[in-house]
Each structure stands twice: as C-alpha cells, then as structure tokens.
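Here is the structure we will look at, set down as structure tokens.
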Amino acid sequence: MAPSATETVNQLAADASKLKLYAGGVEHAYKELSPVAFSKDVEEKGSDEHKAAKYPNYLPTWNKDQVYPALEPFEHYDHGKDADPAFPNLLPSSAKVTHLTPTIGTEVDGIQLSKLSEAGKNELARFVAERKVVAFRKQDFADLPISEALDFGGYFGRHHIHPTSGSPAGHPEVHLVHRAAGDKSHETFFKSRVSSVAWHSDVSYEQQPPGTTFLYNLDIPETGGDTLFTDAAEAYNRLSPAFQKLLHGLKARHSGIEQVNASVRKGSIKRREPVVNEHPIVRTHPVTGAKALYINPQFTRDIVGLKKEESDAILNFLYEHIAWGADFQARVKWEESTVVVWDNRLTQHTALVDWKSGQRRHLARITPQAERPFETPFEG
Ligand SMILES: O=C(O)CCC(=O)C(=O)O
Ligand SMILES: [Fe+2]
Numbered sequence: 371m372a373p374s375a376t377e378t379v380n381q382l383a384a385d386a387s388k389l390k391l392y393a394g395g396v397e398h399a400y401k402e403l404s405p406v407a408f409s410k411d412v413e414e415k416g417s418d419e420h421k422a423a424k425y426p427n428y429l430p431t432w433n434k435d436q437v438y439p440a441l442e443p444f445e446h447y448d449h450g451k452d453a454d455p456a457f458p459n460l461l462p463s464s465a466k467v468t469h470l471t472p473t474i475g476t477e478v479d480g481i482q483l484s485k486l487s488e489a490g491k492n493e494l495a496r497f498v499a500e501r502k503v504v505a506f507r508k509q510d511f512a513d514l515p516i517s518e519a520l521d522f523g524g525y526f527g528r529h530h531i532h533p534t535s536g537s538p539a540g541h542p543e544v545h546l547v548h549r550a551a552g553d554k555s556h557e558t559f560f561k562s563r564v565s566s567v568a569w570h571s572d573v574s575y576e577q578q579p580p581g582t583t584f585l586y587n588l589d590i591p592e593t594g595g596d597t598l599f600t601d602a603a604e605a606y607n608r609l610s611p612a613f614q615k616l617l618h619g620l621k622a623r624h625s626g627i628e629q630v631n632a633s634v635r636k637g638s639i640k641r642r643e644p645v646v647n648e649h650p651i652v653r654t655h656p657v658t659g660a661k662a663l664y665i666n667p668q669f670t671r672d673i674v675g676l677k678k679e680e681s682d683a684i685l686n687f688l689y690e691h692i693a694w695g696a697d698f699q700a701r702v703k704w705e706e707s708t709v710v711v712w713d714n715r716l717t718q719h720t721a722l723v724d725w726k727s728g729q730r731r732h733l734a735r736i737t738p739q740a741e742r743p744f745e746t747p748f749e750g
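First residue of the sequence shown? That's 371 in my numbering, and the numbers climb one at a time after it.
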C-alpha cells in the first residue's frame with residue numbers, strides 16, 4: 371500500500387533531520403558514511419589486478435595478530451625549533467617554490483627529501499608549519515625500501531600505528547589509502563550521499579595526535595582524486611575577537627571508538643582499544659605560535675561542560691565555517707612521485723572520490739606523533 375501523505379511527510383522530516391545532523395557532523399559515525407571506507411581491497415594476492423599494481427609491496431594487508439597495548443605518553447621535540455627560518459638547507463636557490471594561495475599550500479620542485487641533511491629536515495618541519503601543506507614533486511620516496519621511508523619519517527616523531535587501517539605486510543606504521551582497480555563502491559555510496567567530502571585532522575582522538583605528516587602516491591588516476599586542505603589557523607583568524615575569546619579555554623572530546631567499532635562490524639581489525647581524549651578547541655603551534663581551530667566532524671563529539679544544544683551549535687558553526695572557507699583552502703593535485711607533507715595541527719584535509727574511470731588510487735602515509743595539544747591565552 372502506498373504511504374499516506376502524513377507518513378510521507380513524517381518520513382521526509384525524519385530523513386531531513388538525519389541529514390542535517392550528519393551534515394553538521396555532530397552525530398557522524400566515522401567513515402561509515404565515507405566512500406573511502408567503502409573501498410575494499412578486492413584483489414586476491416597473485417591475481418592479475420594485484421600484479422597490475424605499480425607498488426605491490428605497498429598493497430594493504432589487515433593482520434589480526436597485530437594487537438598493541440595503549441599508547442604511552444612520550445616527550446615530543448619539534449625539530450622545527452632548530453630550523454634556520456631562511457631555509458638554506460631545504461630550499462637552495464635552484465629549487466622552484468610556488469605558493470598555491472597566500473596562507474596555505476606550496477609546491478616545491480628541484481629538491482630530494484630523502485637526501486636532506488639534519489638541518490634540512492629541521493627546516494622542513496618549520497617550512498611545513500608555515501605553509502601548512504607542501505607538495506614536493508619528483509621524489510624517490512615510493513621507490514625506497516619501506517624501512518628507509520620510515521627511518522626518514524621517524525625523525526619527526528614517534529610513528530603512529532593506526533588502530534584499523536590497512537598497511538603493507540610487516541610495516542604496520544604505514545597507513546594505506548587504497549581504492550583498487552575496478553572498485554565500484556562509490557556508486558553505492560553516492561546512491562544515498564551527495565558528496566564524498568569528509569574534513570578531518572588525522573586521528574585527533576589520540577592524546578598526542580600527529581604533527582608533520584607525509585603522504586606519497588604510488589598509483590593515481592589520470593584525473594581526479596585530488597586532496598583538499600584547509601588552513602585551520604586562518605579559519606581561527608577569520609573569527610571575531612569576541613568569538614575567539616569565547617572558544618579559548620574550552621575543550622572538546624575526540625573519540626576513536628566509532629572508527630574501531632566500524633572496523634570490527636565489518637570483520638576487520640582492531641589493533642588497540644579505542645580512546646577518547648579532550649583537547650583545547652584552539653591549539654597553539656609549538657614552533658610558530660600560530661593558533662588554530664582543533665575540532666573536526668569525523669572525530670570531535672562535543673564540547674566539555676556545555677549542554678548538547680550549545681555544543682552542537684558551536685561545533686556545527688565551526689564545521690560549516692571550515693567547509694565553506696574556499697578562501698583558505700588549497701587543492702593538491704597528485705602527480706607521479708609526489709610527497710605531500712602537512713602539519714596536522716594546523717590543517718584539515720579530505721580525500722575526493724570524484725573519478726569514475728575505475729583506475730587504482732593508492733597512497734601511503736607516514737604519521738609521526740607530536741606533542742599533546744596545548745593552548746596559549748587569547749591575545750586580542
Ligand atoms: O586519500 C587522500 O587524499 C587523503 C586520505 C587521508 O585522509 C589520509 O591519508 O590521511
Ligand atoms: Fe586523513
């Protein structure tokens with residue numbers, strides 16, 4: 371029997387309110403709503419598709435024996451503090467440096483990250499903190515033995531081992547992003563969702579979330595699959611002093627529970643018990659002193675000490691402010707052999723699932739953890 375007009379209206383209202391909540395992100399269950407999570411490694415080892423991967427050594431594995439205890443606090447030292455602010459060891463005059471926007475995003479051509487001296491690495495940490503995200507072209511990173519790429523990344527902090535993501539066999543410290551050749555799961559996703567955009571700061575639920583973070587491509591579609599970054603420091607700067615003042619002193623709760631539950635529900639791995647941590651909503655960068663909004667719709671749940679409606683209103687406003695801020699975002703286009711480095715303390719990012727060619731998209735992330743987020747007083 372066809373639904374009555376009242377039933378239809380009620381259903382529409384229910385759907386609309388669900389959509390509003392999801393759009394605001396406050397009720398967001400991590401990645402269950404994202405096509406990134408829909409993607410499965412559909413390729414059997416030894417199959418033709420598997421062999422067709424440019425970097426089969428980097429294809430994802432999910433090893434249920436990888437079970438780890440809770441992360442221990444550690445002392446993080448940000449090497450950006452020791453950098454020469456003129457960057458002579460990172461950016462010699464022969465390097466081509468192109469800024470993508472005034473406050474966020476730079477492309478660098480003509481240097482090799484893997485060959486940097488210690489002074490060059492210190493400058494890298496600081497340069498990335500200043501530019502928020504930097505794409506280094508023509509890098510040899512993907513062709514290094516995985517252990518060497520990890521040695522390089524380990525200079526910037528203790529490697530984070532992701533609680534649920536796929537990793538290359540024997541290297542759980544590498545987080546993989548992989549949409550297999552011929553994967554059609556986005557079609558299912560877009561039957562019920564209008565966009566694949568899912569802004570987030572990586573694993574913000576950890577007590578010491580990542581700082582200088584590396585993502586390098588292995589296989590990319592000819593067109594599409596760019597990554598968007600937003601400048602969370604500029605997002606803070608755009609707020610009125612009165613609103614900035616209101617946010618100072620507030621903490622938000624970030625949860626890793628939903629991400630782990632989603633993984634377990636689909637029969638996948640749980641490397642650690644999930645955690646919930648409280649972080650200041652405005653965090654300060656230990657090297658540059660920049661203040662940035664540190665809340666994101668994937669992992670932030672609520673503001674400590676506020677009532678639900680108050681917390682939802684502020685968080686939803688901040689999520690919308692960040693999502694709308696095309697005037698403080700940069701779009702990184704992947705080219706073969708690119709390494710993108712971002713400061714996860716000052717940015718959010720989102721993958722884009724916009725290509726329909728069925729081409730493989732395969733990237734690897736090295737994720738050094740940084741300090742526990744802290745805030746410094748409002749300065750007006
Ligand atoms: O696939 C991308 O473009 C970004 C994926 C992502 O969010 C990450 O690696 O942290
Ligand atoms: Fe991410």
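Virtual Cβ for every residue (Gly too), placed ideally from N, Cα, C.
Is it right to say residue i is buried, meaning 16 or more other beta carbons lie within 10 angstroms of its own, or is it exposed?
i       : result
Phe-744 : exposed
Arg-635 : exposed
Val-646 : exposed
Val-573 : buried
Val-321 : For the chain, the structure presents residues 371 to 750; residue 321 sits outside this window and is missing.
Phe-560 : exposed
Gly-619 : exposed
Trp-694 : exposed
Lys-726 : exposed
Asp-513 : exposed
Val-437 : exposed
Asn-714 : buried
Ala-539 : exposed
Ile-736 : buried
Thr-468 : exposed
Gly-524 : exposed
Phe-584 : buried
Glu-445 : exposed
Ala-605 : buried
Met-371 : Its pLDDT being 37, under 50, Met-371 is placed unreliably in this model, and the coordinates cannot settle the point.
Asp-553 : buried
Phe-457 : buried
Pro-364 : The chain is shown from 371 up to 750; residue 364 falls before or after that span and cannot be answered.
Ser-681 : buried
Ala-505 : buried
Tyr-447 : exposed
Pro-650 : buried
Thr-593 : exposed
Measure the beta-carbon distance from residue i to residue j and round it to whole angstroms, keeping in mind my assumption that it falls under 8 angstroms.
i       : j       : result
Ala-740 : Gly-490 : Not quite, the Cβ-Cβ distance comes to about 19 angstroms (not below 8 angstroms), so this is no contact.
Ile-516 : His-541 : 5 angstroms
Tyr-600 : Gln-699 : This sequence places Thr at residue 600; Tyr is not what is there. With a Cβ gap of about 5 angstroms, Thr-600 and Gln-699 count as contacting.
Lys-621 : Glu-648 : 4 angstroms
His-532 : Asn-666 : About 16 angstroms separates the two Cβ atoms, so there is no contact after all.
Leu-733 : Asn-607 : Rounded, the Cβ-Cβ distance is 30 angstroms, inconsistent with contact.
Leu-461 : Ile-481 : 7 angstroms
Ser-633 : Ile-639 : 6 angstroms
Leu-429 : Ala-422 : Incorrect: roughly 11 angstroms between the Cβ atoms, too far for contact.
Ala-499 : Thr-658 : 5 angstroms
Arg-701 : Gln-578 : Actually they are not in contact, since the Cβ atoms of Arg-701 and Gln-578 sit about 29 angstroms apart, beyond 8 angstroms.
Gly-527 : Thr-431 : Contact flag wrong, Cβ pair sits at about 24 angstroms.
Arg-501 : Thr-476 : 4 angstroms
Arg-731 : Asp-589 : 7 angstroms
Arg-671 : His-624 : 7 angstroms
Ile-684 : Ile-692 : Incorrect: roughly 13 angstroms between the Cβ atoms, too far for contact.
Per DSSP, residue i forms a beta bridge with which residues?
i       : result
Asp-761 : Nothing can be reported for residue 761: it is not among the residues displayed for the chain, which extend from 371 to 750.
Ile-673 : Ala-622
Phe-511 : Answer is none; Phe-511 lacks a bridge partner.
Ser-537 : Thr-431
Ala-721 : Thr-597
Arg-701 : Leu-598
Leu-470 : Bridge partners of Leu-470: none, in fact.
His-449 : Paired residues: none, contrary to the question.
Glu-477 : Thr-468, Ala-505
Phe-584 : Val-711, Ile-736
Val-544 : Ile-736
Lys-661 : Thr-654
His-570 : His-719
Asn-647 : His-624
His-529 : Pro-738
Arg-549 : Arg-731
Using only the heavy atoms of ligand 4, determine whether one of them is closer than 7 angstroms to the beta carbon of residue i.
i       : result
Leu-429 : The model on display carries ligand 1 and ligand 2 but not ligand 4.
### Query
Any residues whose CB sits closer than 6 angstroms to a heavy atom of ligand 2? List them in chain order?
Any residue whose Cβ sits closer than 6 angstroms to a heavy atom of ligand 2 makes the list: His-570, Asp-572, His-719.
### Query
Per the contact definition of three or more C-beta pairs closer than 8 angstroms, is the stretch 701-715 in contact with the stretch 493-509?
With the cut-off at 8 angstroms, the stretch 493-509 and the stretch 701-715 touch.
### Message
Using a Cβ distance threshold of 8 angstroms, determine whether the stretch 662-682 contacts the stretch 590-599, with at least three qualifying pairs required.
### Response
As far as the Cβ criterion goes, the stretch 662-682 does not touch the stretch 590-599, which means the pair count is below three.
### Query
Does the stretch 441-453 come close enough to the stretch 667-687 that 3 or more CB-CB pairs lie under 8 angstroms?
Contact between the stretch 667-687 and the stretch 441-453 is absent: fewer than 3 CB-CB pairs across the two stretches fall below 8 angstroms.
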